[in-house]
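Read through the structure below, which is laid out as structure tokens, and then see the notes.
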Amino acid sequence: MANKKTVLIVDDHTLFREGLKAIISRNPAYDVVGETGRADSAIQMARALRPDLVLVDISLPDQSGIELTLQLRKSLPKTTIMMVTMHSKVDYIVNAFQAGATGFVTKDSAPERLLQAIDVVLKGEYFLDSAVSQKVVQRLAGIKTDHTSMTDSGYETLTPREQEIFALLAEGYSMKHIGERLFISPKTVENHRTSIMRKLGVHSTLELIRYAAKVGIIDIDLWKD
Amino acid sequence: MTVRDQISELEQRLWRLQAGDHLCCLYESEEEHRALLSPFMRQGLERHEKVLYIVDDHTGGQILDYLSADGVEVYPYLQRGQFAVLSSDESYMHAGEFEPERMIALLRSETDRAIGEGYKALRVTGEMSWALKGLPGSERIVEYEAKLNTFLPGSQCLAVCQYDQRKFDPSVLLDILVTHPLAVIGTEVYDNFYYMPPQEFLGANSIAAKLNSWLNHLKERKRSETQIRTLTRKLMTTQEDERRMISRELHDRVGQDLSGIKITLETLFDSQPAATPEIRKKVTQLSRLLDRTIFTVRDLAYDLRPPGLDEMGIVQALAMFCDDFSEKTQIHTEYHSVGIEKMKLEFNTQINLYRMIQEGLNNIHKHADATRAVVKLTAAFPHILLRIEDNGKGFDVEKRAREIDSEKRMGLRSLQERTHLLSGVMIVSSKPAQGTKILIKLPYAG
Chain A
5 MANKKTVLIV
15 DDHTLFREGL
25 KAIISRNPAY
35 DVVGETGRAD
45 SAIQMARALR
55 PDLVLVDISL
65 PDQSGIELTL
75 QLRKSLPKTT
85 IMMVTMHSKV
95 DYIVNAFQAG
105 ATGFVTKDSA
115 PERLLQAIDV
125 VLKGEYFLDS
135 AVSQKVVQRL
145 AGIKTDHTSM
155 TDSGYETLTP
165 REQEIFALLA
175 EGYSMKHIGE
185 RLFISPKTVE
195 NHRTSIMRKL
205 GVHSTLELIR
215 YAAKVGIIDI
225 DLWKD
Chain B
5 MTVRDQISEL
15 EQRLWRLQAG
25 DHLCCLYESE
35 EEHRALLSPF
45 MRQGLERHEK
55 VLYIVDDHTG
65 GQILDYLSAD
75 GVEVYPYLQR
85 GQFAVLSSDE
95 SYMHAGEFEP
105 ERMIALLRSE
115 TDRAIGEGYK
125 ALRVTGEMSW
135 ALKGLPGSER
145 IVEYEAKLNT
155 FLPGSQCLAV
165 CQYDQRKFDP
175 SVLLDILVTH
185 PLAVIGTEVY
195 DNFYYMPPQE
205 FLGANSIAAK
215 LNSWLNHLKE
225 RKRSETQIRT
235 LTRKLMTTQE
245 DERRMISREL
255 HDRVGQDLSG
265 IKITLETLFD
275 SQPAATPEIR
285 KKVTQLSRLL
295 DRTIFTVRDL
305 AYDLRPPGLD
315 EMGIVQALAM
325 FCDDFSEKTQ
335 IHTEYHSVGI
345 EKMKLEFNTQ
355 INLYRMIQEG
365 LNNIHKHADA
375 TRAVVKLTAA
385 FPHILLRIED
395 NGKGFDVEKR
405 AREIDSEKRM
415 GLRSLQERTH
425 LLSGVMIVSS
435 KPAQGTKILI
445 KLPYAG
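Residue numbers (this note's numbering), protein chains in the order written: chain A, 5 to 229; chain B, 5 to 450.
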């Protein structure tokens, strides 16, 4: 076959490399032209062999696979890079894509999905292992699920001082008491209160208390007993 | 700890007693009395010491029964003179009037006699209830106890003075406590830090000495608490370090090897087209088993070291944990966090918060019978608030608080411990059948 796509494998685990080669050889369109267990020799080999695809493990003895990806990207912009790694958690995935990889396959699912993944990335598309949970993507995109929230656009804008006053207001203290406690004038407390209510978009004390209960500052139920 | 464990611990402690020791025993029941005195006498006999028991409240027969019930053949000891039971009239009151010096002289001569007879020591114990009968000199009992401390240390004699807590006046017992270097309360032996040496207790400035000693106790106690806290903190850090190390080894080394084996199995027949169906079947089975092993190892690794905590911070890591928890336990778990992400918490605080939530949710899973749980982590300057709530079966908070020390309720305990380490407060509110709410309030200076 004329235009075989060439592949370089970078993984320090010999047995695993053998396995990868065996899988890749199942598709005659691909040809493993080199393999290495170290990042430094990976750079040299890539420069010499100009492979179409480099498969990179994240943990390498001399350097992280993420670093290696960055360097490969710089010196060989046309080469496609895909991570094949033990790590399946979100942090590594973000880093890998940011560094310039376009594919991510976990080692567990390599036997099943590697060839498919190679097809995809060599077409210039992105591949993310479906073993990497959907939740990871949600997390990455900052998508809220129905039962988690990690920000509150109003509350996040409060200054520490405003947080402090908000909590005291929600607990039912008077502005005079709060002023005495924080060594500021009631007038200043009042100004803070106005600012807090504007930032949170609440218009009454009741709404303010509800808001405080929602974000966990106070617990309304406890007042019952 | 069971009663039996307590008693065997008491026996072990008693075994470390030696000549010169002076103990008081404050007991409130016959069980406590027997639990101490029976092994005290038996151990003396076994160690070839001469044992003297001065009865007052009990009869000699009752005391002999203690030993017989313990499997000791008493009569040979009695015949040989290694064991004797005396009455208070024959000892404390034998001159018709109690006089401390005379009693101490008696103990001294009895000790010399015992040593002369070839015994290793004289082991004495006395029931002090005779002092309650208004006999002449009995008001000098505290003076006697104080002066014993000039005789016993360095002598070949050791003594246990028995006080029935139900009968003696607390003001007397207070002085008794101050005059015994070792105190047995119930079935526990204490190195008695209330003890004052005789020259201080009987001296002209005894009040000043007492004050001084109390002030020192306060300092000592503070020091101990600080030390415990430092050690606990160190323990937790060490634990986290160790977990991280094991987790990394599992994930990076064991996990890598397992993946290597898996891919090898999966591609084994690419180069072996002639393999028989049996062999192929075997390998398929192996491969399946391997999948399970890989899964377990990875789960374990992630459990030991929360994934993402180092890289993404607590807010994201917790979101993932709560998701996983919901999925694993079928307890619908809500997670809300506000204002935490921009706080840049120290790693130590993060890992402690993470572990608290992990422990809190695991408690719910193990004990609460809940279908829903809520975790709220809120920045409210100058505090961080953590709420962990469930709709489970709840419990009686006061009752649980009393049980917490004796039971293996490590869940709440360790939450309390971590809260304490971070100088926070923890409030648990719960009622049977009404779920449980835990509020942890940690100081945060910003």
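Here a beta-carbon is modelled for each residue, glycine too, at the ideal position from N, C-alpha and C.
1. What is the DSSP secondary structure of Tyr198 of chain B, reduced to helix, strand or coil?
2. Out of B:Thr234, B:Leu235, B:Arg233 and B:Tyr198, state which residue places its alpha-carbon closest to the alpha-carbon of Leu219 of chain B.
3. With C-beta atoms as the reference, is Thr440 of chain B less than 8 Å away from Gly396 of chain B?
4. Is the shortest distance between the beta-carbon of Ala105 of chain A and the beta-carbons of chain B less than 8 Å?
5. When you compare the CB positions of Gly104 of chain A and Leu80 of chain A, do they come within less than 8 Å of one another, or not?
6. Is the beta carbon of Ile344 of chain B less than 8 Å from the beta carbon of Ile392 of chain B?
7. Between Glu126 of chain A and chain B, is the shortest Cβ-Cβ distance under 8 Å, so that the two count as touching?
8. Using only CA atoms, which one of B:Ala279, B:Thr382, B:Leu21 and B:Ile180 lies nearest to Met45 of chain B?
9. Thr129 of chain B: which of B:Glu204, B:Val89 and B:Arg144 sits nearest, CA to CA?
10. So what's Ala377 of chain B in DSSP terms, helix, strand or just coil?
11. Ignoring anything shorter than 3 residues or poking outside the region 53-95 of chain B, list the beta strand (DSSP E) runs there in chain order.
12. Tell whether a beta-carbon distance below 8 Å holds between Leu126 of chain A and Lys25 of chain A.
13. Report the neighbours of Ile97 of chain A on chain B: residues whose CB is nearer than 8 Å to its CB, in chain order.
14. Measure how close the beta-carbons of Asp451 of chain B and Ser133 of chain B come, nearest whole angstrom, since I'm counting them as under 8 Å.
15. Taking just the CA atoms, how far does Met240 of chain B sit from Val219 of chain A?
16. Report yes or no: is there a C-beta of chain A within less than 8 Å of the C-beta of Thr382 of chain B?
17. If you measure from the beta carbon of Val94 of chain A to each beta carbon in chain B, is any gap under 8 Å?
18. Using 10 angstroms around the beta-carbon of Ala187 of chain B, count the other beta-carbons present and answer buried if the total reaches 16, otherwise exposed.
19. How big is the Cα-Cα spacing for Ala213 of chain B and Val182 of chain B?
20. By the 8 Å beta-carbon criterion, what residues does the region 268-294 of chain B contribute toward chain A?
21. Beta-carbon separation of Ile368 of chain B and Ile335 of chain B under 8 Å?
22. Is the separation between the beta-carbon of Ile221 of chain A and that of Thr382 of chain B shorter than 8 Å?
23. Measuring CA to CA, which of B:Tyr31, B:Arg302, B:Thr333 and B:Gly190 is closest to Asp373 of chain B?
24. Under 9 Å between beta-carbons, which chain B residues line up against Lys82 of chain A? List them in chain order, please.
25. My output table needs one value for Met90 of chain A: the three-state DSSP class, helix, strand or coil.
26. Using C-beta distances below 7 Å, list every residue in its chain close to Lys286 of chain B, excluding the 5 sequence neighbours before and after it, in chain order.
27. Can you give the Cα-Cα distance for Lys82 of chain A and Leu57 of chain A, rounded to whole angstroms?
28. Using a Cβ-Cβ distance cut-off of 8 Å, determine whether Ala52 of chain A contacts chain B.
29. Glu39 of chain A and Arg54 of chain A - do their beta-carbons sit closer together than 8 Å?
30. How close, in whole Å, do the beta carbons of Arg117 of chain A and Asp274 of chain B come, if the pair is a contact with beta carbons under 8 Å?
31. Would you identify the three-state DSSP class for His336 of chain B, choosing helix, strand or coil?
32. Under the rule that 16 or more other beta-carbon atoms within 10 Å means buried, what is Phe102 of chain B, buried or exposed?
33. Are there 16 or more other CB atoms within 10 angstroms of the CB of Val14 of chain A, so buried, or fewer, so exposed?
34. Does the Cβ of Tyr123 of chain B have 16 or more other Cβ atoms within 10 Å, making it buried, or fewer, making it exposed?
35. Would you kindly work out how many angstroms separate the C-alpha atoms of Leu293 of chain B and Thr161 of chain A, rounded to a whole number?
36. Is Arg309 of chain B near Arg359 of chain B, with beta carbons less than 8 Å apart?
Quick look at the numbers:
1. In the second sequence, residue 198 of chain B corresponds to position 194, counting from 1. Three-state DSSP puts Tyr198 of chain B in coil, outside helix and strand.
2. Reading the second sequence from its first residue, position 215 is the one you call residue 219 of chain B. When B:Thr234, B:Leu235, B:Arg233 and B:Tyr198 are compared, the shortest CA-CA separation from Leu219 of chain B is found for B:Tyr198.
3. As a first step, residue 440 of chain B must be located in the second sequence, where it is residue number 436. As a first step, residue 396 of chain B must be located in the second sequence, where it is residue number 392. Yes, these two residues count as a Cβ contact at 8 Å.
4. Along the first sequence, one-based indexing puts residue 105 of chain A at 101. So, not an interface residue.
5. As a working mapping, residue 104 of chain A is identified with position 100 in the first sequence. As a working mapping, residue 80 of chain A is identified with position 76 in the first sequence. Result no, Cβ atoms of Gly104 of chain A and Leu80 of chain A do not sit closer than 8 Å.
6. Within the second sequence, the letter at position 340 stands for residue 344 of chain B. Within the second sequence, the letter at position 388 stands for residue 392 of chain B. Contact flag unset, no.
7. In the first sequence, counting from the first residue as 1, residue 126 of chain A sits at position 122. This sequence places Leu at residue 126 of chain A; Glu is not what is there. Leu126 of chain A does not count as touching chain B.
8. Mapped onto the second sequence, residue 45 of chain B falls at position 41. Minimum Cα distance to Met45 of chain B is reached at B:Leu21.
9. As a first step, residue 129 of chain B must be located in the second sequence, where it is residue number 125. Cα-wise, what sits closest to Thr129 of chain B is B:Val89.
10. Working through the second sequence from its first residue, we reach residue 377 of chain B at position 373. DSSP places Ala377 of chain B in strand when its eight states are reduced to three.
11. 54-59 and 87-91
12. By one-based count along the first sequence, residue 126 of chain A stands at place 122. By one-based count along the first sequence, residue 25 of chain A stands at place 21. The answer is no: Cβ separation not under 8 Å.
13. Numbered from 1 along the first sequence, position 93 holds the residue referred to as residue 97 of chain A. Here the premise fails: no neighbours, minimum Cβ distance about 11 Å.
14. Residue 451 of chain B is absent from the model: chain B starts at 5 and stops at 450.
15. Position 215 of the first sequence, counted from the start, is the residue given in the question as residue 219 of chain A. Position 236 of the second sequence, counted from the start, is the residue given in the question as residue 240 of chain B. For Val219 of chain A and Met240 of chain B, the distance between alpha carbons rounds to 30 Å.
16. Position 378 of the second sequence, counted from the start, is the residue given in the question as residue 382 of chain B. Yes, contact with chain A.
17. Counted from its first residue, the first sequence places residue 94 of chain A at position 90. It does: the Cβ of Val94 of chain A has a partner Cβ on chain B nearer than 8 Å.
18. Reading the second sequence from its first residue, position 183 is the one you call residue 187 of chain B. Buried.
19. Indexing the second sequence from 1 puts residue 213 of chain B at position 209. Indexing the second sequence from 1 puts residue 182 of chain B at position 178. Their Cα atoms are separated by approximately 12 Å.
20. Thr268, Glu270, Thr271, Asp274 and Ser275
21. As a first step, residue 368 of chain B must be located in the second sequence, where it is residue number 364. As a first step, residue 335 of chain B must be located in the second sequence, where it is residue number 331. For Ile368 of chain B and Ile335 of chain B, yes; Cβs fall inside 8 Å.
22. Reading the first sequence from its first residue, position 217 is the one you call residue 221 of chain A. Reading the second sequence from its first residue, position 378 is the one you call residue 382 of chain B. Closer than 8 Å, so yes.
23. Taking the first residue of the second sequence as position 1, residue 373 of chain B is located at position 369. The shortest C-alpha separation from Asp373 of chain B is found at B:Thr333.
24. Counting from one through the first sequence, the residue named residue 82 of chain A turns up at place 78. The contacting residues do not exist; Lys82 of chain A stays about 28 Å from chain B at best.
25. Within the first sequence, the letter at position 86 stands for residue 90 of chain A. Coil.
26. Here residue 286 of chain B refers to the residue found at position 282 of the second sequence. Cβ within range, chain order: n/a, list empty.
27. On the first sequence, position 78 is the one that residue 82 of chain A refers to. On the first sequence, position 53 is the one that residue 57 of chain A refers to. Cα to Cα, Lys82 of chain A sits roughly 9 Å from Leu57 of chain A.
28. For the purposes of this step, residue 52 of chain A is taken as residue 48 along the first sequence, with counting starting at 1. Closer than 8 Å: no.
29. Residue mapping note: residue 54 of chain A aligns to position 50 of the first sequence, counting from 1. Residue mapping note: residue 39 of chain A aligns to position 35 of the first sequence, counting from 1. Cβ distance not < 8 Å, so Arg54 of chain A and Glu39 of chain A don't count as in contact.
30. Here residue 117 of chain A corresponds to residue number 113 of the first sequence, with the count starting at 1. Here residue 274 of chain B corresponds to residue number 270 of the second sequence, with the count starting at 1. That pair is no contact at about 17 Å.
31. Locating residue 336 of chain B in the second sequence gives position 332, counting from the first residue. Looking at His336 of chain B - three-state DSSP - the assignment turns out to be strand.
32. On the second sequence, position 98 is the one that residue 102 of chain B refers to. Burial call: buried.
33. For the purposes of this step, residue 14 of chain A is taken as the residue at position 10 of the first sequence. Result: buried.
34. On the second sequence, position 119 is the one that residue 123 of chain B refers to. Per the 10 Å Cβ criterion, buried.
35. The sequence position of residue 293 of chain B within the second sequence is 289, counting from 1. The sequence position of residue 161 of chain A within the first sequence is 157, counting from 1. Looking at the two C-alpha atoms, the distance is approximately 52 Å.
36. Stepping through the second sequence from its first residue, residue 309 of chain B is reached at position 305. Stepping through the second sequence from its first residue, residue 359 of chain B is reached at position 355. No, Cβ-Cβ distance for Arg309 of chain B and Arg359 of chain B is not below 8 Å.
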